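Using the working numbering, the letters of the sequence shown map in sequence onto residues 47 to 515. Glycine included, C-beta positions come from ideal geometry on N, C-alpha and C. Quantities reported herein were computed from a predicted structural model and do not represent experimental measurements.
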Amino acid sequence: MLPYRVKIRKHMTITKIIYILFLLAIINSVKLSAQIDSSKIEFDVKIRERFELWNGMNAKNYGDDSPNAIGSLNDKMLLQRVIAGINLRPIPWLNISFHLQDSRAFGWSLRNAKYPDAFKVRAKNTKEPYYIMNPNEEFFEIHDLYLSLREALKNLTFTFGRQKIAYGDNRIFGPGDWGNTGRWTWDAFKISYKNKSNFIDVFAGGTKIHDPEKISIPFTKTEFWGGGLYAHYDWDKISSFEPFYAIKKPGSAPYANTFNLTRQWIGLRLFNNDFHHFVYDFTMVKEFGKENGKSIDAFGIVGKLGYQFYFIPANPIFAIRESYASGGKNSDSKIKTFDFAFGSKDQYYGWMNITSWSNLDDREILIHFFPIKNMRIETNFHWFYIPVPDDVTLLGTMKLQEGKHFLGNEFNLYFNYQVSKQLQIISIFGYFIPGDLRPINNHNAKSSFWFSFQVLYQLTAVKKIKPKE
């Protein structure tokens, strides 16, 4: 049997060969497009500018203003992301997409130039090996590069290459797109079957790292290998069913390739956003597998129930939601702490990104308003509890008092307005009130707040390619 590292090198060589063939196919497709009347090329650019104001915390530090603490607790920064590229359709059943991405953080106290080690993932008390998962900075990167065969067989689409993969409410498979670099980007092969609104997707591949100073070549230096299955079925107007499966294994990036894990998830989402004015959304997921010789026995549950009042101005939806994820101690014989697979986090468990769907009991009240067309306002209030607080430290400084579980409250006010097809405005305010936290730097934990204002502008130009005479 080949050693694991030899297998990885062999796998990387194969994927490089496949990708070279893929690039040659793109070149030939461009040549072919000059001979077919139905071919077209689409140029598009997305420019996202977001101002953020932080008070009392940052992504690595809550409330510690001592001289040796990491970063500033009062950042005022501009996050910029530009995605530009082409979508080419040389023939009706073939799509080719290639986009570059540039993500920068101006005024960020944790920027790579100042803290190059801040987002390195490595073993404790070591310098190497490591990989980097920077949430805000990634200079001149490949955003996507894929080839898609549409209707190769009836209702079937095949997609190969770097791509975004997200489903449902993004809790299990999400793009993590609020982050400036975009948390989850896949180098994968995906098979999609779609019949009207119903579909089933199966895919396998790896997720890329986010290193500000190095371009990530598709299918190399992945954080995880994995894949999954996601399906959607509408049952009349009663409910929508979304069964899913996910698997996560060690990637090929330095340090990631030393992981010893096989995590798997199987679950089901049931929802309806307008069942006689009622709104409901339930997700149940079981996690199993092994990591470092321990078996995994964890679970996550989400339940939302609400009602939309159409007779009130702005048609508000009043709802309650519970997001629960099991937790455990490091000393347990089994791993009981739930991991949220490849899911997003900020939009559900507080926009301030203090918590995630792992060892969490999040009790929430939500109100949605729709004042005018294309405008949505949401306000929510969270009660955060940690089911098993032993061994838990959040943002480097937040630890619960002995025997306590209440982490704190968070209030969010979210505003989204699609001004036009090209322009979108989003603004969010978050306020966190600490619960039963231990003192931080010999002082009682204080409240913190965060404000953001984002403008997204996108422009698309389509040109038909005339055939050669």
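Open item on the list: Looking at Ala365: is its Cβ nearer than 9 Å to the Cβ of Arg309?
Closed with: no
TODO: Name, in chain order, the residues that DSSP records as bridge partners for Gln470.
DONE: Gln464 and Leu502
Open item on the list: Tell me which residue opens and which closes the beta strand (DSSP E) that Leu156 is part of.
Closed with: Segment: none, Leu156 is in no beta strand (DSSP E) and carries neither H nor E.
Open item on the list: Closer than 8 Å is the cut-off here; do at least three beta carbon pairs connect the stretch 258-268 with the stretch 295-314?
Closed with: yes
Open item on the list: To test your reading of the DSSP string, which unbroken beta strand (DSSP E) runs of 3 or more residues are found completely within the stretch 330-395?
Closed with: 340-354 and 363-371
TODO: Report the rounded CA-to-CA distance for Arg409 versus Phe249, giving the unit in angstroms.
DONE: 33 Å
- [ ] Could you tell me which of Ile511, Val465 and Phe415 sits nearest to Gln504, measuring between CA atoms?
- [x] Val465
Open item on the list: So, with DSSP's three-state summary, where would you put Ala302?
Closed with: helix
Task: Asn133 vs Asp90 beta-carbon contact at 9 Å - done: yes
- [ ] Could you tell me which uninterrupted alpha helix (DSSP H) segments, each at least 4 residues in length, are contained entirely in the stretch 232-302, listed from first to last along the chain?
- [x] none
Task: Given Ile358 as reference, the closest of Phe415, Gln468 and Ser372 once Cα atoms are compared - done: Phe415
TODO: Look at the Cβ atom of Ile479, then the Cβ atom of Met103, and state whether they are nearer than 9 Å.
DONE: no
Open item on the list: Would Ile407 and Tyr460 be called neighbours here (beta carbons separated by less than 9 Å)?
Closed with: Just to set this straight, residue 407 is Asp in the shown sequence, not Ile. Cβ distance not < 9 Å, so Asp407 and Tyr460 don't count as in contact.
TODO: Assign Gly339 to one of two classes, buried (16 or more other C-beta atoms within 10 Å of its C-beta) or exposed (fewer than that).
DONE: exposed
Open item on the list: Using 8 Å as the cut-off, can you tell me whether the stretch 95-114 makes contact with the stretch 497-511, which would need three or more C-beta pairs spanning the two stretches below that distance?
Closed with: yes
- [ ] Determine the direct distance from the alpha carbon of Ile486 to that of Asp190, and round the result to whole angstroms.
- [x] 42 Å
Open item on the list: I'd like the list of long-range same chain contacts for Lys86, defined as Cβ closer than 7 Å, with 5 residues on each side in sequence excluded.
Closed with: Arg135, Val508, Lys509, Lys510 and Ile511
Task: DSSP three-state assignment for Arg484, whether helix, strand or coil - done: coil
TODO: List the residues that DSSP assigns as beta-bridge partners of Phe475.
DONE: Leu459 and Phe497
- [ ] Round the Cβ separation of Asn107 and Leu119 to the nearest angstrom and send it over; I've been treating them as touching at under 8 Å.
- [x] 7 Å
Open item on the list: Quick test of the definition: if touching needs 3 or more C-beta pairs under 8 Å, does the stretch 447-459 touch the stretch 418-430?
Closed with: yes
- [ ] Compute every distance between the C-beta of Ala159 and the non-hydrogen atoms of the ligand MG, then say whether any falls below 8 Å.
- [x] Ligands are entirely absent from the displayed structure, and the ligand MG is therefore not among its contents.
Open item on the list: Between which two residues does the beta strand (DSSP E) holding Asn133 run?
Closed with: Lys122 to Ile137
Task: Local Cβ density within 10 Å of Asp280, reported as buried at 16 or more and exposed below that - done: exposed
- [ ] Look up Leu195 in the DSSP assignment and give the residues it is bridged to.
- [x] Leu140 and Phe204
Task: Neighbourhood of Lys210 by C-beta distance below 6 Å, restricted to the same chain and skipping five residues each side - done: Pro221
Open item on the list: In the DSSP output, which residue or residues are listed as bridge partners for Gln310?
Closed with: Ile293 and Phe334
Task: Coil, strand or helix - Met398 by DSSP - done: coil
Task: Collapsed DSSP secondary structure at Ile82 in the structure displayed - done: Note that Ile82 scores 47 on pLDDT, short of 50, meaning its location in the model is unreliable; the coordinates nonetheless yield the value given after this. Coil, per DSSP.
TODO: Please report how far the alpha carbon of Gln81 lies from the alpha carbon of Ser194, in whole angstroms.
DONE: Its pLDDT being 48, under 50, Gln81 is placed unreliably by the model, and the measurement read from it follows with that caveat. So the alpha carbons of these two residues sit roughly 20 Å apart.
Open item on the list: Can you look up Lys77 in the DSSP assignment and give me helix, strand or coil?
Closed with: Residue confidence for Lys77 is low, a pLDDT of 49 falling below 50, so the modelled location carries little weight and cannot support an answer.
Task: Spatial distance of Met179 from Tyr431 (CA atoms) - done: 27 Å
Open item on the list: Quick check: Gly442 and Leu483, are their CB atoms within less than 9 Å of each other?
Closed with: no
Open item on the list: Can you tell me whether Asp257 is buried or exposed? The criterion is at least 16 other CB atoms within 10 Å of its CB, across all chains shown.
Closed with: buried
TODO: Count the other C-beta atoms from every protein chain shown that fall within 10 angstroms of the C-beta of Glu333, then say buried if there are 16 or more, exposed otherwise.
DONE: buried
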